[in-house]
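Residue numbers (the numbering used here): 2 to 145.
This is the structure in structure tokens:
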């Protein structure tokens, strides 16, 4: 799947190609498939930006606008911090269930590790490559 699927290619393309993608998605998808446009660890994929489709409202002069507000990324954060069922609840609505995950696991704020985890949870299943080794730099753990 990944860039070979039109909807998934629309989530994976590097956000700096947003204008080109929305003008001609088939051309950008072909450039992703043949390697003209490369997906690597130094570019942000469209799925982390808000908009329907993802990155639709991307402003290259204000790259922070909509950053980390993509639909799927927000759903994963709801799943992690509140509960799995809250991920399916529309934004702004309450979901009366047991205590939230954040409270149960003493997560008082969003840490960089949470963002990385959510990013991988969204990106890995939609990419056709071995996502963790081709897009994300290798992670090395050192015991101290």
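Note that beta-carbon positions come from the ideal geometry of N, C-alpha and C, so glycine has one too.
Quiz prompt | Sequence-distant residues of its chain with Cβ nearer than 6 Å to residue 88 (five each side left out) | solution = 76, 79 and 80
Practice problem: Tell whether a beta-carbon distance below 8 Å holds between residue 128 and residue 13. | Solution: yes
Self-check item: Same chain, Cβ closer than 8 Å to residue 116, neighbours up to 5 away in sequence not counted
Solution: 69
Quiz item: Going by the beta-carbon positions, is the gap between residue 55 and residue 71 smaller than 8 Å?
Solution: yes
Quiz item: Are the beta-carbon atoms belonging to residue 83 and residue 103 less than 8 Å from one another?
Solution: yes
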